[in-house]
Structure formats: structure tokens, C-alpha cells
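In what follows, a single structure is set out as C-alpha cells and then discussed.
Residue numbers (this note's numbering): 6 to 446.
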């Protein structure tokens, strides 16, 4: 007992030696004073809680982000704030979950919703820190096209004035954290330089041809590549585009297997996404995306989904729509027919939607996610999962068995002792004496 107490005191009082050997970090530990300086310059901040497992996994990556941004020429300060120590800051900034990653640009807060890899985080910070609209020369457009293969870029051609530029400037101020915006001014020799806005993506140049008032919505719709890789991190942003997401359940490992039906269906779906550009009604309504594996699709549909698979997903309502055709039998034409019927059925209210956000469905989804997570734990880590669940169950079984098999009856002699026995003998002698007296009379 004494040694156990000494051990506990040692752990509490003696500092952890691993802290001394950790490399220095470029990440600042922030306090409640952050509210006084968040409007000054650019800050990239992680709001965390010490007990959060996701936060613990992010910490080493966040240190790498701090080092990477400190080595750049950008004036970005990287920090982290413990919301359990400074709850007033979390309440003031509306922090609802952990970890929350936010970029502050002169007081303007931009929440990060992408993946938690170092490259994605650094890229997001650099986009937020870059000029909202960058001026380039016409001979630099080809260079922008190369960088726009993974991230669409918007270019305004013409003099920086007029209603079209004002709408472009407004859209850039709203979406500069998710895309790059450029202007190309005409040279002095060019007198008939037409004002126009284009988006560069998928190695093509697409010109804006709608009303000026619709430019901001057009920027949101064209935000993603034609056939984007969907993950749990960017699915919400895909849904925020206002389009229904056509999710293709595929596999990264099978994409290069020439004999795999998954690869064949992935190719058909990719060709359909490119061909859909010619169908403006479908293009403005749907966004193609593919999933690596069926885990996320299974969680959405609350059922086991196999590869390959196709369904239409509405992130806003969390409803999804299924095709009656088998994926192996689908063609570009049959996919377009399914999308046209889905759009018409939604408009007329005649199509059957699965899923949703009602109370019963939410409870069902919670139960399914619990079952799914446990099943995945046993599938990936069977030994660890068996110990994790088996040891507590074994202890509970032992406790229950002990309670049920215990004998709670108490012997009267054990409870009252020898005094009770002597009292009983005296009572017996008294009764026998009384009986003898009665017989003598």
C-alpha cells in the first residue's frame, strides 16, 4: 500500500522526462488573451481538449504544420488552445467539437473542414493567407492551368471595374479559402479586350455565361473537379455546393486491375461525369464523386454495401436514392436515365427516398454506427478487441456469479452467540419445572 502511494505521488509530482526530449515546436500555446489579438494578422489555431483521442492523433501533425509554415515567408502564426482550461474562449468563438481548426485572417474566421494530413492543412493555410485576388500576366495562365488540375482556379480577364468585376470580387471574398482567384489585365496594345470569367479545371477552360447575379452560385457549383475523391472530411462541402452527389463505390486498389469489374464500372462512371458537361440540366443538378471502399456508403445506407455500387446522395436531408439496375450492367446512357428520373421524381415528389434525418432514423443510425464500429474493430484488431471487451465481461460475470451463488442465510447461533443458547436452556428448564408442579397438584 505504501509503495503504491509513493508511486502515485511520484507520477503526479515528477515531470515527464519525455517532455524534455521532445523537439522544440513552432506551435504557440494560447490562453484567453487570444481574444485580444485574434483580429491582428493571420492565425491558424487548433482548438482541442486533452481527453479527445482525435486531438491526440492530430498533435504531431499539427507540430509539423507549425514547422512548415514557420519556414515559409508567410506571416502566419500557428497556435493551439486548450478549451477545457479556457472555456470562455470556446464559448465566445462558438467551438462545438474537438478538434476544431480555424484560420483567422484579420479577425475573419474560416473553419477548416478537410482532411487532417499535413499537406492538406498547409495548403489550406496558404490559400487563406494568399491575396484574395492575385494579378497575373497573360503568359502565366498556362502555369495556373497546371496547378488547377487538383484545385479549380477562377480567372477574370479585363479591366478591374464594372458590374462583372464587382460580382467576381464578391465571390472571391466569400470563397478565397477553397479556391484561387486571379485577374489578367489587358496590355496597352489590346483595345478590344472582352471582360469574362473562366474556371480552369480538369485541363479545360469553362467560361461563365449566366447572369451576373448568378456568378457567386456558379463559383460554388464549379468548386470541385468533375470526378472528385469523396471522403468523410469533404462530403459536407460537396453537399454545400447545392448539388446532389452521385457517389460511386469503388476501390483504389482495383482501379489498375484490368480484369476487375470494379475498375470497369469506375471507368464508365468517370466517362459519364465528363459526358455530363454536355447536359446542362444534369450538370447543374449533380456532382460525381467516388469512394475508396464501401465503409462510408454502408454508414449512409445503414446496410452492408458491396463494390461496385452507385447511389445519389442528398447531404442536406441525408436521403439517398437507389437505381434498380445492377452496376455491372450500367452504361453512360443508363446512368443519365437514372439521374433524369431521379431529378424528375424529386421535383414531382414521386420518388422513394431512403434515409433522412427524422428521430427514428437518427436512432437507427446511431445503433448501426455502434454495431459497425465494433464489427470493424474485431475485423481489423481481433486480439485487441477481444481483450478490450472480454476482460470487462469476464469481471462482470465473476461478480454476478459471486452474488448469485453466495449464501446469505445466517445461523442463529452465529448471530446471537452463547448467551442466546443459555437463555433458551433456562426457558426450557422453567417450562419443565412448571409441568412438574402441575402434575404434583
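A virtual CB, placed ideally from N, CA and C, is assigned to each residue, including glycine.
Return the residue from the list 61, 75 and 231 that minimises the CA-CA distance to residue 103. The residue given as residue 103 occupies position 98 in the chain shown. Considering only alpha carbons, the answer is 61.
Bounding residues of the beta strand (DSSP E) (the contiguous stretch that carries residue 206): Along the chain shown, one-based indexing puts residue 206 at 201. Here the beta strand (DSSP E) through residue 206 covers 201 to 206.
Need the endpoints of the beta strand (DSSP E) that residue 295 sits in, please. By 1-based counting over the chain shown, the position of residue 295 is 290. Residue 295 -> beta strand (DSSP E) spans 291 to 297.
Touching by the beta-carbon criterion (3+ pairs, under 8 Å), the stretch 149 to 156 and the stretch 92 to 109: no
Apply the 10 Å Cβ neighbour rule to residue 312 and answer buried if 16 or more other Cβ atoms are within range, or exposed otherwise. Working through the chain shown from its first residue, we reach residue 312 at position 307. The residue is buried, with at least 16 neighbouring Cβ atoms inside 10 Å.
Can you confirm whether the stretch 295 to 309 touches the stretch 328 to 338 when touching is taken to mean that 3 or more C-beta pairs between the two stretches lie within less than 8 Å? no
Select from 64, 325 and 108 the residue whose C-alpha is nearest the C-alpha of residue 128. In the chain shown, counting from the first residue as 1, residue 128 sits at position 123. Of 64, 325 and 108, the residue nearest in Cα terms is 108.
Going by the beta-carbon positions, is the gap between residue 248 and residue 226 smaller than 8 Å? For the purposes of this step, residue 248 is taken as the residue at position 243 of the chain shown. For the purposes of this step, residue 226 is taken as the residue at position 221 of the chain shown. Yes, these two residues count as a Cβ contact at 8 Å.
So, is residue 400 buried or exposed, given that buried needs 16 or more other C-beta atoms within 10 angstroms? In the chain shown, counting from the first residue as 1, residue 400 sits at position 395. Residue 400 should be labelled exposed.
Select from 209, 75, 54 and 85 the residue whose C-alpha is nearest the C-alpha of residue 43. Counted from its first residue, the chain shown places residue 43 at position 38. For the residues 209, 75, 54 and 85, the minimum Cα distance to residue 43 belongs to 85.
Do the stretch 341 to 357 and the stretch 292 to 306 meet, that is, are 3 or more Cβ pairs less than 8 Å apart? no
By how many angstroms is the C-alpha of residue 202 removed from the C-alpha of residue 287? In the chain shown, residue 287 corresponds to position 282, counting from 1. In the chain shown, residue 202 corresponds to position 197, counting from 1. If I take the Cα positions, the gap works out to 22 Å.
If you measure between the beta carbons of residue 47 and residue 82, is that distance less than 8 Å? Taking the chain shown and counting its residues from 1, the one referred to as residue 47 is at position 42. Taking the chain shown and counting its residues from 1, the one referred to as residue 82 is at position 77. Yes, these two residues count as a Cβ contact at 8 Å.
Tell me the start and end of each unbroken beta strand (DSSP E) in the stretch 215 to 254 that is at least 3 residues and wholly inside, in chain order. 232 to 234
Would you mind working out which of 132, 113, 78 and 121 sits nearest residue 51, comparing C-alpha positions? Counting from one through the chain shown, the residue named residue 51 turns up at place 46. The option with the nearest alpha carbon to residue 51 is 121.
Just to confirm, is the Cβ distance from residue 118 to residue 182 under 8 Å? For the purposes of this step, residue 118 is taken as the residue at position 113 of the chain shown. For the purposes of this step, residue 182 is taken as the residue at position 177 of the chain shown. No, Cβ-Cβ distance for residue 118 and residue 182 is not below 8 Å.
Neighbourhood of residue 293 by C-beta distance below 6 Å, restricted to the same chain and skipping five residues each side: Along the chain shown, read from residue 1 onward, the residue named residue 293 stands at position 288. Counting only Cβ-Cβ distances below 6 Å, and skipping sequence neighbours, we find 232, 251 and 278.
Collapsed DSSP secondary structure at residue 110 in the structure displayed: To locate residue 110, count along the chain shown from 1; it is residue 105. DSSP places residue 110 in strand when its eight states are reduced to three.
Can you give me the start and stop residues for the alpha helix (DSSP H) that residue 403 sits inside? For the purposes of this step, residue 403 is taken as the residue at position 398 of the chain shown. Per DSSP, residue 403 belongs to the alpha helix (DSSP H) from 387 to 410.
As assigned by DSSP and simplified to three states, the class of residue 71: The sequence position of residue 71 within the chain shown is 66, counting from 1. Note: residue 71 maps to helix in three-state DSSP.
Have a look at residue 213 and residue 174 and give me their C-alpha separation to the nearest angstrom. Working through the chain shown from its first residue, we reach residue 213 at position 208. Working through the chain shown from its first residue, we reach residue 174 at position 169. Near 15 Å, if we compare the C-alpha coordinates of residue 174 and residue 213.
Using only the alpha-carbon positions, how far apart do residue 390 and residue 38 sit? The sequence position of residue 390 within the chain shown is 385, counting from 1. The sequence position of residue 38 within the chain shown is 33, counting from 1. Taking the straight line joining both Cα atoms gives about 43 Å.
What residue range is occupied by the uninterrupted beta strand (DSSP E) comprising residue 314? On the chain shown, residue 314 is found 309 positions in, with the first residue counted as 1. Taken as a continuous stretch (DSSP letters only), the beta strand (DSSP E) holding residue 314 covers 314 to 319.
C-alpha distance - residue 144 paired with residue 87, whole-angstrom precision: As a working note, residue 144 is residue 139 in the chain shown. As a working note, residue 87 is residue 82 in the chain shown. Near 48 Å, if we compare the C-alpha coordinates of residue 87 and residue 144.
Helix, strand or coil for residue 340 per DSSP? For the purposes of this step, residue 340 is taken as the residue at position 335 of the chain shown. It is helical.
Start and end residues, alpha helix (DSSP H) containing residue 132: Here residue 132 is taken as the residue at index 127 of the chain shown, counted from 1. Taken as a continuous stretch (DSSP letters only), the alpha helix (DSSP H) holding residue 132 covers 123 to 134.
With DSSP collapsed to three states, give me the class of residue 40. As a first step, residue 40 is located in the chain shown; it is residue number 35 there, counting from the start. It is helical.
Apart from the five residues just before and just after residue 20, which ones in its own chain have a Cβ nearer than 7 Å to its Cβ? On the chain shown, residue 20 is found 15 positions in, with the first residue counted as 1. Unreliable placement is indicated for residue 20, whose pLDDT of 43 sits below 50; the coordinate value is still reported in the next sentence. Closer than 7 Å at the Cβ level, and outside the excluded window around residue 20, lies no residue.
Comparing alpha-carbon positions, which option in 256, 217, 269 and 349 lies nearest residue 167? As a working note, residue 167 is residue 162 in the chain shown. Out of 256, 217, 269 and 349, 217 has the C-alpha closest to the C-alpha of residue 167.
So, for residue 185: in the same chain, excluding its five sequence neighbours on each side, which residues have a beta-carbon less than 6 Å away from its beta-carbon? The residue you call residue 185 lines up with position 180 of the chain shown. For residue 185, where only same-chain residues beyond five positions count, the Cβ hits under 6 Å are 158.
For residue 219, which residues from the same chain have a beta carbon less than 8 Å from its beta carbon, with the 5 sequence-adjacent residues on both sides left out? On the chain shown, residue 219 is found 214 positions in, with the first residue counted as 1. So no residue of the chain qualifies.
Name the DSSP bridge partner or partners of residue 158? Within the chain shown, numbered from 1, the residue matching residue 158 stands at position 153. BP columns for residue 158 point to 185 and 205.
Measuring only the C-alpha atoms, how far is residue 163 from residue 191? Mapped onto the chain shown, residue 163 falls at position 158. Mapped onto the chain shown, residue 191 falls at position 186. If you take the alpha carbons of residue 163 and residue 191, they lie about 6 Å apart.
Can you tell which of 207, 270, 35 and 140 has its C-alpha closest to the C-alpha of residue 53? As a first step, residue 53 is located in the chain shown; it is residue number 48 there, counting from the start. When only C-alpha atoms are compared, the closest one is 35.
Tell me whether residue 206 is buried or exposed, calling it buried when 16 or more other Cβ atoms sit within 10 Å of its Cβ. Position 201 of the chain shown holds residue 206. Counting Cβ neighbours within 10 Å, residue 206 comes out buried, since at least 16 surround it.
Under a three-way DSSP split, which group does residue 347 fall into? For the purposes of this step, residue 347 is taken as residue 342 along the chain shown, with counting starting at 1. Residue state, collapsed to three classes: helix.
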